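Mapped onto numbering that gives the first Met the number 0, the consecutive letters of the sequence shown carry residue numbers 0 to 391.
Every residue gets a Cβ at the ideal spot worked out from N, C-alpha and C, and that includes glycine.
As the structure is a computational prediction, the values presented were derived from the model and not from experiment.
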Amino acid sequence: MSVARKRTIGWMGVHRGHRARPLEWLAEKLIFLVSLSAIVVILLIFLFVAREAMPIFLGQMNSALVLPTIPVEEIDKVGPEELRRYLGLTKKQFAEMDRDTLKTLMEVRIEAQVEIPPQFREDKDARINTTEWRYLLKPHQWTGYDRPVYIWQPIGWIKKYNIIPLLIGSVKPTLVGLLFATPLAIGAAIYVSQLAGDRTRELVKPAIELLSGIPSVVIGFFALLVMASVLQSLFRYEVRLNAFVAGIALGIAVIPIVFSISEDALTSVPRSYTQAALALGASRWQTAYQIVLPAALPGVFAAVVLGFGRAIGETMIVLMICSASVVSWNIFESARGITTTIAAEMAEAVTGGHHYRILFMLGALLFAVTFLSNLAGDIIIHRLKAKLEGKK
0 MSVARKRTIG WMGVHRGHRA RPLEWLAEKL IFLVSLSAIV VILLIFLFVA REAMPIFLGQ
60 MNSALVLPTI PVEEIDKVGP EELRRYLGLT KKQFAEMDRD TLKTLMEVRI EAQVEIPPQF
120 REDKDARINT TEWRYLLKPH QWTGYDRPVY IWQPIGWIKK YNIIPLLIGS VKPTLVGLLF
180 ATPLAIGAAI YVSQLAGDRT RELVKPAIEL LSGIPSVVIG FFALLVMASV LQSLFRYEVR
240 LNAFVAGIAL GIAVIPIVFS ISEDALTSVP RSYTQAALAL GASRWQTAYQ IVLPAALPGV
300 FAAVVLGFGR AIGETMIVLM ICSASVVSWN IFESARGITT TIAAEMAEAV TGGHHYRILF
360 MLGALLFAVT FLSNLAGDII IHRLKAKLEG KK
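Right under this line is the structure:
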């Protein structure tokens, strides 16, 4: 090939490279913008939830049934801040209202107090602000009860918003699901990554990972119609739909997550570990259990943590199977978690009311738990990869 032809080909390559660079730059920027937009959307969602829940966190809501009233004609005798607190308005809402609107709200407040049935006006519980943290977290002896109890009852004249039944209702099926899914998923991951042949691996791995594509409502429907009856006949418990059935269904949804991440962690262990163990006379099972699994243990733990975040944030499965707010750690009784409560009651809550704010507070707590669990799982996985790659 002549020198001139080589120069021509080289110039054409450089020219094509220059033409491709703007397109590559544009593609990189688009990918960056998409990633940034996802982060911004998550941040905006968190800010929205936090804003709606902030009055509860700051103790600015008052759900007491019997409240003091101020005559409308005394509006000029009340200071602005006292009037704002009396009407239960935010500073922004109060600033946007004129005098006539404020007088109308005062009249509505007086009319609402007049409509309260006489038996509740004398009830000491009617003067309790049930959105205070002591009533949200601690038991209280309500009228008609012989001992302090935890109650979630957002209906009736006196609203009760204790969130302990919901926390227990979220944890019970989640723990059952993890106890069911973790051994199966990790065992399958060890088998696929260390013991199975190539053909078996090509069949088993996609089959398990395909479970993640099954909609939650389908799993819930299957558990409701089939699993509940089968499990009741096996374990002979009384309540057909309970936290145990919900937990097994959650475990089915969690298995693909724990399996995939555990399998990746086990596969990331250097082959030299396996080869050295086999050369010393260890069996393949001994190598997998005593050498590879301990080396990949942080990644396996991260898989369980991420599975916890997936299970505790599940809504549809638990909503279809059990939805009674029962304060009991018995897995064979019903349960109602945070997610199911939000899904079932948000449509009925008055926008801006204390029930509405409480539900957003629950959403903020759930958001924080799932975010922290996912963050912890990601950090553990990155540290494991860095360790196996010999990085500090």
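State the DSSP-derived secondary structure class of residue i, mapped to helix, strand or coil.
i, result
"K123", "helix"
"Q152", "strand"
"Y355", "helix"
"K159", "strand"
"L371", "helix"
"I8", "Any answer about I8 is weak, because its pLDDT of 48 lies below 50 and its placement is not dependable; what the coordinates show is given next. In this structure, I8 counts as helix in the three-state DSSP scheme."
Mind checking whether residue i and residue j have CB atoms under 8 Å apart?
i, j, result
"A302", "A264", "yes"
"I185", "S261", "yes"
"L249", "S333", "no"
"I74", "M105", "yes"
"G306", "T369", "no"
"I316", "G219", "yes"
"R382", "P54", "no"
"V191", "V203", "yes"
"F257", "A294", "Correcting the residue type first, residue 257 is Val in the shown sequence and not Phe. Against a cut-off of 8 Å, the Cβ pair of A294 and V257 comes out as no contact."
"G87", "F179", "no"
"I379", "F300", "yes"
"Y48", "A363", "A small correction: the amino acid at residue 48 is Val; Tyr does not occupy that position in the sequence shown. In this structure, A363 lies closer than 8 Å to V48 by Cβ."
"A346", "L358", "no"
"T286", "L277", "yes"
"F119", "W156", "yes"
"L165", "G336", "yes"
"V244", "A227", "yes"
"S211", "P255", "yes"
"F93", "R83", "yes"
"T100", "D122", "no"
"F45", "F366", "yes"
"L66", "Q112", "yes"
"K102", "V77", "no"
"E208", "S271", "no"
Thinking C-alpha only, which one of the options is nearest residue i?
i, options, result
"E201", "A188, T273, A363", "A188"
"A275", "F31, R235, I290, V48", "I290"
"G351", "V33, I380, R133, A52", "A52"
"V170", "I311, L365, A346, K384", "I311"
"P116", "Q140, L64, T130, T103", "L64"
"V216", "P182, I251, V238, Y236", "I251"
"T68", "L166, L318, E81, K386", "E81"
"P153", "A227, K384, E344", "E344"
"W132", "L66, P182, F56", "F56"
"W328", "V107, P172, R146", "P172"
"V326", "P147, W24, T130, E237", "P147"
"N61", "T129, I38, F45, S322", "T129"
Any beta carbon from chain B within less than 8 Å of residue i's own beta carbon?
i, result
"L183", "In the displayed structure, chain B is absent; only one protein chain is listed."
Quiz item: In chain order, which beta strand (DSSP E) runs of at least 3 residues are fully inside the region 78 to 111?
Solution: Within the region 78 to 111, no complete beta strand (DSSP E) segment of 3 residues or longer occurs.
Quiz item: Can you give, in chain order, each stretch of the alpha helix (DSSP H) that sits fully within the region 253 to 328 and has at least 4 residues?
Solution: With a minimum length of 4 residues, the continuous alpha helix (DSSP H) runs that stay inside the region 253 to 328 are 270 to 278, 283 to 286, 296 to 311, 315 to 320.
Quiz item: Would you call the region 373 to 380 and the region 189 to 202 touching, i.e. three or more CB-CB distances under 8 Å?
Solution: Per the Cβ contact rule, the region 373 to 380 is not in contact with the region 189 to 202 (fewer than 3 Cβ pairs under 8 Å).
Exercise. Please confirm if the region 334 to 345 is in contact with the region 220 to 234, defined as three or more CB-CB distances below 8 Å between the two stretches.
Key: Touching, no, given that fewer than three Cβ pairs across the two stretches are closer than 8 Å.
Quiz item: Whole beta strand (DSSP E) runs in the region 178 to 243 with 3 or more residues, listed along the chain?
Solution: Listed in chain order, there is nothing to give.
Quiz item: Does the region 154 to 168 come close enough to the region 135 to 144 that 3 or more CB-CB pairs lie under 8 Å?
Solution: A contact exists between the region 135 to 144 and the region 154 to 168.
Exercise. Note down, one range per segment and in chain order, each alpha helix (DSSP H) of at least 4 residues found wholly within the region 45 to 78.
Key: Listed in chain order, nothing qualifies, since the region 45 to 78 has no complete alpha helix (DSSP H) run of 4 or more residues.
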